[in-house]
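In full-length UniProt numbering, the protein residues as written are 1 to 322.
As structure tokens, then:
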């Protein structure tokens, strides 16, 4: 709120003196004498009187603090130059190289509208994939128009590979910019490890994970997944639930092989979702993202067994939080 003019502050102090320093009485007297003015609060009155007793003046004292000098401007230029030279730099690095405090670095970057954007990892898509996504979304929307609870009858499934290349700590990676650069990151290591896993989600229930070595082929998919964990799951379902059940998979080669499709037609006649294109718009995309971030924060990923144990542990934790 704007400060009272000088002549009003003088009248405030005079009213205070006429009632022998009684703040409440001074406010009441000021209202009676100057009903058309903006009335001061008791806090304003006390501060005006305190300034008058301390300095002999009712106006505000000059603001404290170091004025902005050429030296400060030069520091700002140095900080901005450090960011321009390396957009992935950190506050600590700038503090060390430029010789300015972290709070000053933050203030300078904030004043010049710089923000620490985090990178995003995403799966590479081909041109044909976008139409597959659109077709899948339109089909699902039509189903939801007929049955709003349709998605609760779907057994979603997908595979994922957890590897050293695939786990990136995005929290500690920054990109300083005025506008979001949509930063994507790719990295490789000379010594690598990887774990392949299949998972399913039905309503709030998680199936798996099922681990396997190497590239999944149609025979492995049929024997280990469809005739394994999926068959065990459907055997335990009530008949009514099984009749409404839909099985979802993407268009990966082992999923769309002729023998696989024939087996799916027997297990889920007219009730399986899959095509020769990846409709990767399922709860598993979110689920695997959560698992990857959890694994990224673990410090004991030294070999494959540790990674498998970590995946199972976080999958179970994720399930019980739903």
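Idealized CB from N, CA, C, for every residue including glycine.
Between the alpha carbons of residue 18 and residue 49 lies a distance of about 13 Å. Taking each of 207, 147, 31, 15 in turn and checking the Cα distance to residue 157, the smallest one comes out for 207. In this structure, 232 is the residue among 285, 12, 232 with its C-alpha nearest to the C-alpha of residue 267. Every candidate beta strand (DSSP E) stretch fails here, since none sits fully inside the stretch 12-81 while reaching 3 residues.
DSSP, read as helix, strand or coil, puts residue 253 in helix. The alpha carbon of residue 7 has as its nearest neighbour, out of 37, 236, 26, 24, the alpha carbon of 37. Short of 6 Å from the beta carbon of residue 284, and not among the five residues preceding or following it, lie these beta carbons of its own chain, in chain order: 156, 158.
The alpha helix (DSSP H) runs of length 4 or more contained entirely in the stretch 210-235 are, from start to end of the chain, 231-235. Put simply, the stretch 126-134 does not touch the stretch 218-232. Fewer than three CB pairs are less than 8 Å apart. Under the three-pair Cβ rule at 8 Å, the stretch 233-244 does not count as touching the stretch 103-113. By the neighbour-count definition (other C-beta atoms within 10 Å, threshold 16), residue 161 is an exposed residue. Around the beta carbon of residue 81, a 10 Å sphere encloses fewer than 16 other beta carbons of the protein chains shown; the residue is thus reported as exposed. Residue 105 and residue 95 do touch by the CB rule: their CB atoms are close to 6 Å apart, below 8 Å. By the beta-carbon neighbour count (other beta carbons within 10 angstroms, threshold 16), residue 85 is exposed.
The C-beta distance from residue 287 to residue 199 rounds to 7 Å, short enough to fall under 8 Å. When only Cα atoms are considered, residue 54 and residue 47 end up about 10 Å apart.
Residue pairing from DSSP places residue 201 in a beta bridge opposite 156, 206. CA-CA distance, residue 204 to residue 73, rounds to 57 Å.
Taken atom to atom, the span from the alpha-carbon of residue 251 to that of residue 196 is near 17 Å. Here residue 264 has 272 as same chain residues with Cβ atoms under 6 Å from its own Cβ, once five neighbours each way along the sequence are excluded.
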